[in-house]
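Below is one structure, written out as structure tokens; comments come after it.
There are 2 protein chains.
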Amino acid sequence: MQTVKLGIVGVGTMGAIHAQSVLEGCIPRCQLTAICDPKAERLNLFSAVEGFASVDDLLRLSEIDAVLIATPHYSHTTIGIKALETGRHVLVEKPISVHKSDGERLLAAHHASNQVFAAMFNQRTDPFYLKLRQLVQSGDLGAIRRVSWTITNWFRTEAYYRSSDWRATWAGEGGGVLLNQCPHNLDLFQWIFGMPAQVRAFCHFGRYHDIEVEDDVTAYLEYPDGMTAVFSTSTGEAPGTNRLEVAAERGKVVIENDLFLFTRNEVPMSEFSRTDPGRFSAPQTWEIRIPISGHGPQHNGVLGNFVSAILDGTPLIAPAREGLNSLELANAFLLSTLENRAIKLPIDGALFNQHLQKLIASSTRPKPGVFRTGSDDMHRLTTNKSLSR
Amino acid sequence: MQTVKLGIVGVGTMGAIHAQSVLEGCIPRCQLTAICDPKAERLNLFSAVEGFASVDDLLRLSEIDAVLIATPHYSHTTIGIKALETGRHVLVEKPISVHKSDGERLLAAHHASNQVFAAMFNQRTDPFYLKLRQLVQSGDLGAIRRVSWTITNWFRTEAYYRSSDWRATWAGEGGGVLLNQCPHNLDLFQWIFGMPAQVRAFCHFGRYHDIEVEDDVTAYLEYPDGMTAVFSTSTGEAPGTNRLEVAAERGKVVIENDLFLFTRNEVPMSEFSRTDPGRFSAPQTWEIRIPISGHGPQHNGVLGNFVSAILDGTPLIAPAREGLNSLELANAFLLSTLENRAIKLPIDGALFNQHLQKLIASSTRPKPGVFRTGSDDMHRLTTNKSLSR
Numbered sequence: 002m003q004t005v006k007l008g009i010v011g012v013g014t015m016g017a018i019h020a021q022s023v024l025e026g027c028i029p030r031c032q033l034t035a036i037c038d039p040k041a042e043r044l045n046l047f048s049a050v051e052g053f054a055s056v057d058d059l060l061r062l063s064e065i066d067a068v069l070i071a072t073p074h075y076s077h078t079t080i081g082i083k084a085l086e087t088g089r090h091v092l093v094e095k096p097i098s099v100h101k102s103d104g105e106r107l108l109a110a111h112h113a114s115n116q117v118f119a120a121m122f123n124q125r126t127d128p129f130y131l132k133l134r135q136l137v138q139s140g141d142l143g144a145i146r147r148v149s150w151t152i153t154n155w156f157r158t159e160a161y162y163r164s165s166d167w168r169a170t171w172a173g174e175g176g177g178v179l180l181n182q183c184p185h186n187l188d189l190f191q192w193i194f195g196m197p198a199q200v201r202a203f204c205h206f207g208r209y210h211d212i213e214v215e216d217d218v219t220a221y222l223e224y225p226d227g228m229t230a231v232f233s234t235s236t237g238e239a240p241g242t243n244r245l246e247v248a249a250e251r252g253k254v255v256i257e258n259d260l261f262l263f264t265r266n267e268v269p270m271s272e273f274s275r276t277d278p279g280r281f282s283a284p285q286t287w288e289i290r291i292p293i294s295g296h297g298p299q300h301n302g303v304l305g306n307f308v309s310a311i312l313d314g315t316p317l318i319a320p321a322r323e324g325l326n327s328l329e330l331a332n333a334f335l336l337s338t339l340e341n342r343a344i345k346l347p348i349d350g351a352l353f354n355q356h357l358q359k360l361i362a363s364s365t366r367p368k369p370g371v372f373r374t375g376s377d378d379m380h381r382l383t384t385n386k387s388l389s390r
Numbered sequence: 002m003q004t005v006k007l008g009i010v011g012v013g014t015m016g017a018i019h020a021q022s023v024l025e026g027c028i029p030r031c032q033l034t035a036i037c038d039p040k041a042e043r044l045n046l047f048s049a050v051e052g053f054a055s056v057d058d059l060l061r062l063s064e065i066d067a068v069l070i071a072t073p074h075y076s077h078t079t080i081g082i083k084a085l086e087t088g089r090h091v092l093v094e095k096p097i098s099v100h101k102s103d104g105e106r107l108l109a110a111h112h113a114s115n116q117v118f119a120a121m122f123n124q125r126t127d128p129f130y131l132k133l134r135q136l137v138q139s140g141d142l143g144a145i146r147r148v149s150w151t152i153t154n155w156f157r158t159e160a161y162y163r164s165s166d167w168r169a170t171w172a173g174e175g176g177g178v179l180l181n182q183c184p185h186n187l188d189l190f191q192w193i194f195g196m197p198a199q200v201r202a203f204c205h206f207g208r209y210h211d212i213e214v215e216d217d218v219t220a221y222l223e224y225p226d227g228m229t230a231v232f233s234t235s236t237g238e239a240p241g242t243n244r245l246e247v248a249a250e251r252g253k254v255v256i257e258n259d260l261f262l263f264t265r266n267e268v269p270m271s272e273f274s275r276t277d278p279g280r281f282s283a284p285q286t287w288e289i290r291i292p293i294s295g296h297g298p299q300h301n302g303v304l305g306n307f308v309s310a311i312l313d314g315t316p317l318i319a320p321a322r323e324g325l326n327s328l329e330l331a332n333a334f335l336l337s338t339l340e341n342r343a344i345k346l347p348i349d350g351a352l353f354n355q356h357l358q359k360l361i362a363s364s365t366r367p368k369p370g371v372f373r374t375g376s377d378d379m380h381r382l383t384t385n386k387s388l389s390r
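In order, the protein sequence lines correspond to chains H and C.
Per our numbering, residue 2 is the first one in the first sequence, and the count goes up by one each step.
Per our numbering, residue 2 is the first one in the second sequence, and the count goes up by one each step.
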């Protein structure tokens with residue numbers, strides 16, 4: 002195989018961007034062969050490419066090697082399973098599913114070791130986070146003690162939430178900021194720091210918007226080694242903040258406003274505390290500014306890596322199975338709020354799903370039949386009018 | 002009265018600093034008339050001033066108008082009550098007491114409206130916090146939605162904790178970072194933002210040091226109007242952070258590293274969200290840097306204000322009764338951890354005291370008999386060797 006023949010399912014906001022990138026030649030050795038969307042006017046935007054209204058037809062009739070899934074969240078599972086079962090390589094948008102049980106079903110459909118299955122965690126290509134991960138993994142920071150990520154620059158207007166009827170509903174999207182905007186941050190969090198032992202989260206539902214799902218979250222995390230963390234997010238705050246602070250034995254890292262600042266302790270803080278005779282003394286520090294420019298290749302980087310993984314066996318930037326962790330964190334934050342208690346990880350996926358089904362059942366929002374969890378909704382999804390992101 | 006004749010009880014670390022300030026003439030119209038400390042070598046440092054080993058003798062024999070109490074926390078209550086009962090004006094170091102019930106007993110001893118009773122919340126004189134309070138109270142920020150204060154620059158060494166046997170014990174100090182370092186921050190918090198409706202806190206006991214009390218705290222607060230907040234502190238982190246971030250309708254304020262930054266929304270964020278047709282748009286902002294230099298007169302400012310209140314009737318910067326709020330917050334954070342649940346305010350002071358007594362009873366640390374809560378320990382305190390701060 003010299004090139005990868007790609008089919009894109011869902012050419013709403015993100016799918017259309019991906020299609021355009023491939024058509025413009027931004028992804029070497031990748032050819033856009035087919036697209037699929039129930040909306041004819043969207044298919045018409047890409048008239049040079051074979052278009053299908055139904056996923057079944059796409060998978061049955063087109064000669065694609067790989068599928069990129071950019072549909073509403075619930076259908077990632079159903080369409081992903083279907084695509085994997087045809088043997089195609091699959092790249093799925095984040096989140097890989099809406100809830101842990103669906104995520105596990107999706108991953109279970111991936112058997113073949115030579116079948117590439119990746120997830121669109123494009124922020125893993127950002128050199129700020131790559132550098133932080135390197136500092137953590139190399140031991141340059143020493144043991145990590147506390148992390149605080151305030152990520153409130155996901156401001157969204159009411160117009161945004163009104164733009165699709167599936168959006169920000171339990172039946173249509175399965176969650177709010179944790180499912181739509183934060184999968185990136187949650188993925189980076191587990192990618193850099195690993196998974197916590199337990200979480201206590203405080204989600205607010207429709208705090209800032211006329212929606213039923215969470216648009217404001219404060220979560221407290223405890224790790225097996227004692228590390229603690231706070232993760233705060235909101236789609237209601239403007240101007241918002243994106244600040245990641247890491248307190249470690251070897252010093253403090255702050256990533257904010259395109260700056261990477263490392264205040265390095267000459268002596269690790271706990272060692273200094275134990276050995277220094279002063280009562281009010283503190284370690285000498287170096288103020289280090291690590292120069293980083295730009296935010297990396299992002300979506301095109303992940304898509305190009307997917308193609309290289311298929312053609313050359315290049316390791317994936319974001320294997321789909323790792324997408325289960327951000328999903329588990331999002332589910333755990335909601336579960337903690339709904340059960341009003343700390344939640345130990347791994348969570349009970351069935352318990353979370355029970356809560357989700359109750360929320361869907363008691364929702365007063367539009368509930369198109371197609372937006373149901375479970376394995377039998379794939380066909381209906383493919384004919385629904387609301388595939389837009 | 003032309004000058005205030007002051008007596009200082011406890012001339013350890015803070016008391017000695019206050020005594021020196023008065024002797025050097027830093028406090029107009031204030032005369033250091035007497036000091037009291039059980040340690041003779043401390044009294045000898047101030048040989049120009051009448052010295053007493055016992056509080057009872059000081060209050061009975063010296064011609065002082067006012068008393069400044071700078072003893073270990075528990076005795077603030079007992080000595081404070083005794084001093085108030087003699088009719089003296091009283092300035093008490095923070096915290097006003099160790100727990101809410103003691104604080105209420107102390108305040109109940111203050112009857113006379115012309116008797117001045119103040120607390121040493123010196124950070125209320127800091128122009129950074131004065132300016133923030135002004136912006137909040139004037140409505141310039143609009144409704145406050147979220148506050149985050151990371152105040153981890155209270156690093157203390159093991160040598161600090163070993164410096165006195167009463168320090169960082171349940172019996173001797175009654176708490177850790179919340180009782181010793183953070184009363185300032187908790188007082189500023191309530192002074193600027195008011196009191197929360199409930200809190201959920203996660204205190205870690207001896208996380209960084211060989212102590213039994215809390216040296217690391219993460220607290221989540223919810224306010225009656227829906228405002229949320231996170232308060233994080235530690236004495237184990239170096240280099241530490243002191244960053245106060247306020248997300249309000251009219252924009253965001255960040256106080257950090259001697260900068261006061263106000264990113265002002267031209268349109269309040271919720272109004273913009275409701276009315277703007279864009280899906281990914283956000284309010285236009287002004288980046289405002291409010292010039293502030295220095296951190297104000299601090300301790301001398303509060304002491305001078307105490308003198309002016311006595312001589313001129315000047316309103317107090319920090320009336321002692323307001324010290325109950327920071328105490329209630331500190332107690333509530335501990336109570337939430339000990340009961341492993343969210344705590345509604347006002348707290349049940351008796352319930353907190355039950356927990357504290359259990360902690361004292363089960364402690365394996367030195368428990369000098371003098372470091373007991375209750376009203377009968379005053380005499381013993383005045384003869385104990387460990388009045389040092």
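A virtual CB, placed ideally from N, CA and C, is assigned to each residue, including glycine.
For D277/C, the C-beta contacts it makes with chain H under 7 Å involve T158 and A160, in order along the chain. CA-to-CA, the gap between E246/H and G195/H works out to about 16 Å.
For M270/H, at least one C-beta of chain C is nearer than 8 Å to its own C-beta. For the segment 274-298 of chain C, the beta-carbon criterion of a distance under 9 Å to any beta-carbon of chain H is satisfied by S274, R275, T276, D277, P278, G279, R280, F281, S282, A283, P284 and T286.
Taking 9 Å as the Cβ-Cβ cut-off, the segment 90-101 of chain H has no residue approaching chain C. The shortest CA-to-CA distance from T158/H to any of T242/H, I318/H, G237/H and V255/H is the one to G237/H. The beta carbon of W287/C is closer than 6 Å to those of R265 in its chain, skipping five residues each way along the sequence. The beta carbon of A198/C sits closer than 8 Å to those of E223, Y224, P225, K345 and L346, all from its chain and outside the five residues before and after it, given in chain order. In the three-state DSSP reduction, A319/H falls in the coil class, being neither helix nor strand. In this chain, the beta strand (DSSP E) harbouring D217/H covers E215 to E223. In its chain, beyond the 5 residues on either side, L60 have a beta carbon closer than 7 Å to the beta carbon of T87/H. Counting other Cβ atoms within 10 Å of its Cβ, T219/H reaches 16 or more and is therefore classed as buried.
With fewer than 16 other Cβ atoms inside 10 Å of its own Cβ, K359/H counts as exposed. The straight-line gap separating the alpha-carbon atoms of K101/H and G295/C is approximately 53 Å. Judged by their CB atoms, L335/C and E174/C are not nearer to each other than the 8 Å cut-off.
At least one beta carbon of chain C lies nearer than 8 Å to the beta carbon of A239/H.
In the DSSP assignment, K253/H falls within the unbroken beta strand (DSSP E) covering G252 to E257. Around D66/H, the same chain offers M2, V5, K6, L7, R89, H90 and I311 as residues with beta carbons nearer than 8 Å, after the five sequence neighbours per side are excluded. Between V93/C and I70/C, the C-beta spacing is below 8 Å. The segment 164-179 of chain H and the segment 129-140 of chain H do not touch, with fewer than 3 CB-CB distances between them shorter than 8 Å. Cβ proximity to chain H below 8 Å picks out D217, T219, Y221, E223, G227, T229, V231, S233, S235, G237 and E238 from the segment 215-238 of chain C.
Using a Cβ-Cβ cut-off of 8 Å, F203/H is close to R201, Y221, E223 and T229 of chain C, given in chain order. Counting along the chain, the unbroken beta strand (DSSP E) around V148/H starts and ends at I145 to I152. Between the alpha carbons of N354/H and G350/C lies a gap of roughly 40 Å.
Contact between the segment 105-123 of chain H and the segment 297-314 of chain H is present, with at least three C-beta pairs closer than 8 Å. Against chain H, a Cβ distance below 7 Å from R146/C picks out E238. Contact annotation: I145/H and R106/H have beta-carbon atoms that are not nearer than 8 Å.
DSSP places K132/H in the uninterrupted alpha helix (DSSP H) bounded by P128 to S139. At a cut-off of 8 Å, the C-beta of H210/C has a neighbouring C-beta in chain H. Excluding its 5 nearest sequence neighbours in each direction, E64/C has C-beta neighbours in its own chain below 7 Å: K6 and T34, listed in chain order. When Cβ-Cβ separations below 8 Å define contact, A71/H makes no contact with chain C.
With a beta-carbon spacing of about 7 Å, W150/C and F190/C fall inside the 8 Å limit used to define contacts.
According to the DSSP assignment, A198/H belongs to no beta strand (DSSP E), since it is labelled neither H nor E. Here L62/H is not near G52/H, since their CB atoms are 8 Å or more apart. The alpha-carbon of A362/C is positioned some 10 Å away from that of H356/C.
K345/H is outside the set of residues whose beta carbon lies under 8 Å from a beta carbon in chain C.
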